[in-house]
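2 protein chains.
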Amino acid sequence: MATLSDVARRAGVSPATASRVINGSSKPVTDELRERVLAAVAELQYVPNAHAQLLARSHRSAVGVIVHDVSDPYFAEITRGLQRVATDQGRLLMICNSYRDPDRELEYVELLRGHQVAALILAGSGYHDAAFTRQLNEKLAAYEATGGRVVVIGRHEHSGDAVMPDNRAGGYLAGRELCELGHRAIGVVAGPRILTTTTDRLAGLRQALTEQGLDLPEQRIRYAEFDRDGGAEATARLLDADPELTAIVALNDSMAIGALATLRARSLPVPQRISVVGFDDMPIARDVTPALTTVRLPLVDMGVRAMSLVLGAGAPAPRVEVLPAELVRRDTAGPAPHPQRDTAGAAPRARRGDAAP
Amino acid sequence: MATLSDVARRAGVSPATASRVINGSSKPVTDELRERVLAAVAELQYVPNAHAQLLARSHRSAVGVIVHDVSDPYFAEITRGLQRVATDQGRLLMICNSYRDPDRELEYVELLRGHQVAALILAGSGYHDAAFTRQLNEKLAAYEATGGRVVVIGRHEHSGDAVMPDNRAGGYLAGRELCELGHRAIGVVAGPRILTTTTDRLAGLRQALTEQGLDLPEQRIRYAEFDRDGGAEATARLLDADPELTAIVALNDSMAIGALATLRARSLPVPQRISVVGFDDMPIARDVTPALTTVRLPLVDMGVRAMSLVLGAGAPAPRVEVLPAELVRRDTAGPAPHPQRDTAGAAPRARRGDAAP
DNA sequence: TACCGCAGAGAAAGCCCTTTCCCGCAGGGA
DNA sequence: TCCCTGCGGGAAAGGGCTTTCTCTGCGGTA
């Protein structure tokens, strides 16, 4: 590889001058020398060594991002938001997939710190795991102590700046919708119970049911991987245990799609026989058939906010931006198939005029 | 940030010794000193500066990857394959999204070269653009001249090692299938015509139709973005121009999903009234309703092969691995709705017993 | 006892840049 | 004519790490 001094030698100037030309330094250089340097760069196909540059320059510019998996639509959308702001500000993003492995997450914090990133964004659910949480917070604190900035998306465990989707309210929305449609036998297809996202969404859902005089026993919940196959499998288990279910809440859209697949395989019409509500409103939700009724989270906006927060000025106190969830009614949730013997939930159910456009 | 000499000072040793302990050098260090160093590392939360390390070490280990967009399922699958091999070999991947912008692609080649990657993988379609192709090849050649290794996935324009999906054969498969089902009026929803992927798939398709005595006039092809919305829009244009179409080939699955959306919006039943065939077989294809008939490409395997090639020993001659396409029959392609006046295609149509399970 | 060899530790030379500091020189004012 | 100013350029000092080379001191052999 050609180095700067190769270029300088070829152009007959000092490395200092070559550097100034290449980086467009504010210090003036004669046109004659400038051209000689540029010519040498072209001839030698010179590309500056990024590591040497980062070492020599003091200011750090890249931003590190740790997500579960960029190709998961949930994180893809968030990342889109992150990118948008980062690109505007000329920042490079280093994105790492933790695949929800706590150890890998810890490793990546170190790795990114080692790569001298100016800031760190952690996106994705936190864990119910005190030991891990403590370790992570220690690492994050160490990083912040040396001037690094940290923002988390959707995790409570960190005490600093955060962007939080309102998972609990979203769960509540899903639950209320189904209650109002007259459903009494509601099953839940949930992600891993160690994730705070799962428990938060579940808590909101439970609250909605409780308000309608329903409870949500553990046997109506099945925990599985937070993906399509997990959803398919959990739905099958749920149905095997309780064939009378008239509605299923999937705690994310991937699982909802899996649920739909199982339902189709068992020839259970949606929403006539059984309703399904998803969560997240990822792009594909509107394209499955029937189109998925789901709880929408402003994913791109979450990314935008997080990046703005992390690149903006620091604040004396931690800032927490809570972004609202919103119910998107499409075609997978309909009235419960047959009238309930129990009439307790009649009033709210009547409130909803679904026949109107 | 704590530095190595901070650690050394704190442990009362020289930086050399500290370095040896931290990197597990082969040179022996007394247990006593080793422990002092380790303690200092822990106390100081020391993380080595990756840039300094890369500068000091001579051997390069990271691999650069340029794709259209990691969150596009096509590239997500390929990347999964790349990652699998890279992780096995302890390599770090630097993944860049070009968003099909040739200039950005060129920039990323430089960027990755500047980051001293040991190898470079370019995935995604090439362009019908001689000037760009030449520039890219020059940059790649310059990189290879300094010992860098390059593998491309799905692009003919580079003369070195390559992994090639058989796009042309795949197009042929889609065309033949529809002909055998009796379709005569077939429209195509295509990606940008500047992409070689588009023209390759189109060429195979055209060949299949030609063999059946059909031709594929330009007005039966609509070019649009290679995504869901592009597919929806192109389908609408196609239908407006030619309402009698009985089949649509979408040149990737995202476009096929868009096509399905338009068809649903227009209440055209699939496959009774109109058949749809996609391309790629991305994971979601089986979950749309009706499940998508499509041409499968071994995407993960393409990634695996590419990474193996690039990390393996160099070869004297360029190696090109062509991976086969395969038709996956699901539910969006059925017999043409009404018998053709023209009986020319009868024989092949009869060959296929679609009523059988 | 004298000498050799080697284990274990440190000094120092890079790796490739950026940037400060300094120097020479030309032009302008006194 | 002399001095000061300021511009354009180079020398050199890092930036944080790895690694070779060198040095010290110990145990073992003749």
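Protein chains in written order, with this note's numbering: chain A, 438 to 794; chain B, 438 to 794.
No residue lacks a Cβ here, since even glycine has one placed at the ideal position from N, Cα and C.
Fair warning: this is a prediction, and the values are worked out from it, not measured in the lab.
Cβ-Cβ distances below 7 Å link A/Met739 to Ile515, Gly518, Ile590, Val600, Pro602, Leu760 in the same chain, with the five nearest sequence neighbours on each side left out; the list follows chain order.
Put simply, the CB of B/Ala556 is far from chain A, with every gap to its CB atoms at 8 Å or more. Within the same chain, Val600, Glu758 come within 6 Å of A/Arg742 by CB-CB distance, once the 5 residues on both sides are set aside.
A/Asp525 counts as exposed, since fewer than 16 other beta carbons sit within 10 angstroms of its beta carbon. Non-local beta-carbon contacts of B/Arg473 in its own chain, meaning distances under 8 Å to residues more than five positions away in sequence, involve Ala448, Gly449, Val450 in chain order. Using beta-carbon distances, B/Leu491 counts as an interface residue toward chain A, with a partner under 8 Å. When the five nearest sequence neighbours on each side are left out, the beta carbons in the same chain lying within less than 8 Å of the beta carbon of A/Leu642 are those of Gly608, Tyr609, Ala611, Gly612, Val625, Leu653, Val686, in order along the chain.
Nearest in C-alpha terms to A/Ala696, of all of A/Glu763, A/Pro755, A/Ala627, is A/Ala627. Residue burial annotation: A/His552 is buried, with at least 16 other C-beta atoms found within 10 angstroms of its C-beta.
A/Leu557 carries a strand assignment under DSSP once its states are collapsed to helix, strand and coil. Taking 8 Å as the cut-off, the beta carbon of B/Ala698 is found no closer than this to the beta carbon of B/Arg733. Under the three-state reduction of DSSP, A/Asp724 is assigned to coil, being neither helix nor strand.
Bounds of any beta strand (DSSP E) do not take in A/Tyr580; it lies within the alpha helix (DSSP H) bounded by 567-582. In terms of Cα proximity to B/Ser442, the closest of B/Val484, B/Arg494, B/Val466, B/Asp468 is B/Val484.
DSSP places A/Pro602 within a strand segment (E or B) once states are collapsed to three. With a 10 Å radius around the Cβ and a threshold of 16 neighbouring Cβ atoms, A/Asn604 comes out buried.
Per the Cβ contact rule, the segment 766-776 of chain B is not in contact with the segment 660-680 of chain B (fewer than 3 Cβ pairs under 8 Å). In the same chain as B/Pro452, and ignoring 5 residues on each side of it, the C-beta atoms closer than 7 Å to its own belong to Leu441, Ser442, Ala445, in chain order.
The beta carbon of A/Leu549 sits closer than 8 Å to the beta carbons of Gly501, Ile503, Met531, Cys533, Leu557 from its chain, once the five residues preceding and following it are set aside; these are given in chain order. Taking a beta-carbon distance threshold of 8 Å, B/Pro485 counts as an interface residue toward chain A.
Using a Cβ distance threshold of 8 Å, A/Thr726 and A/Arg766 do not count as a contacting pair. Among the CB atoms of chain B, none fall inside 8 Å of the CB of A/Val466.
Inter-residue distance for A/Leu746 and A/Glu547 is about 22 Å (C-alpha atoms, whole angstroms). Under the 8 Å criterion on CB atoms, A/His775 is classed as non-interfacial with respect to chain B. Just so you know, the alpha carbons of B/Glu648 and B/Glu617 end up roughly 11 Å apart.
For A/His552, the chain B residues whose C-beta falls within less than 8 Å of its own C-beta are Ala487, His488, listed in chain order. If you check each beta-carbon in the segment 656-674 of chain B against every beta-carbon of chain A, the ones closer than 9 Å belong to Arg665. Partner residues in the beta bridge of A/Val765, as assigned by DSSP, are A/Thr731. Between B/Ile658 and A/Leu577, the alpha-carbon positions lie close to 54 Å from each other. For A/Val484, the secondary structure class from DSSP, reduced to helix, strand or coil, is coil. Taking B/His775 as reference, the option from B/Gly619, B/Ala560, B/Asp506 with the minimal CA-CA separation is B/Gly619.
Between B/Ser691 and the set B/Ala673, B/Glu662, B/Val707, the nearest pair of CA atoms involves B/Glu662. Per the coordinates, the alpha-carbon of B/His565 lies some 16 Å from the alpha-carbon of B/Leu559. B/Phe716 is bridged by DSSP to B/Val732.
When the beta-carbon positions are compared, A/Gly751 and A/Arg528 stay at least 8 Å from each other. For the pair A/Ser456 and B/Leu675, the Cα-to-Cα distance works out to about 56 Å.
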